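Residue numbers (the UniProt record's numbering): 1 to 95.
So this is what it looks like as structure tokens:
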């Protein structure tokens, strides 16, 4: 029983090291609440700063700015203007 416990510990150490690589590969910017996409402010290949607007979501007759939580390059856009999206739906991916 004590032997298996140390075995997972070394395996657990590389897993956190892989996590930053995964987040570096792409961070999804998601819809904060359900609504309709009324504007897309970036295109694939654009460089964005943390806090920069990437899209505009209309919900409850109000426009909500969706901002990138990270700096990076837009690697994918998952919505089109006019799309109705649920909360937490991916809007763009920042790599």
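Using N, Cα and C, we set each Cβ at its ideal position, and we do this for glycine too.
None of these values were measured; they are calculated from a predicted model.
Note the first and the last residue of the continuous beta strand (DSSP E) segment covering residue i.
i, result
"residue 94", "90 to 94"
If you measure between the beta carbons of residue i and residue j, is that distance less than 8 angstroms?
i, j, result
"residue 42", "residue 92", "yes"
"residue 31", "residue 66", "yes"
"residue 29", "residue 84", "no"
Considering only DSSP beta bridges, list what residue i is partnered with.
i, result
"residue 64", "57"
"residue 28", "93"
"residue 73", "47"
"residue 41", "DSSP lists no partner for residue 41."
"residue 80", "Looking at the DSSP assignment, residue 80 forms no beta bridge with any residue, so it has no partner."
Which whole-angstrom value describes the C-beta separation of residue i and residue j, a residue pair presumed to lie in contact below a C-beta threshold of 8 angstroms?
i, j, result
"residue 39", "residue 73", "Going by Cβ atoms, the distance from residue 39 to residue 73 rounds to 20 angstroms, so no, they are not a contact pair."
"residue 76", "residue 49", "Not quite, the Cβ-Cβ distance comes to about 18 angstroms (not below 8 angstroms), so this is no contact."
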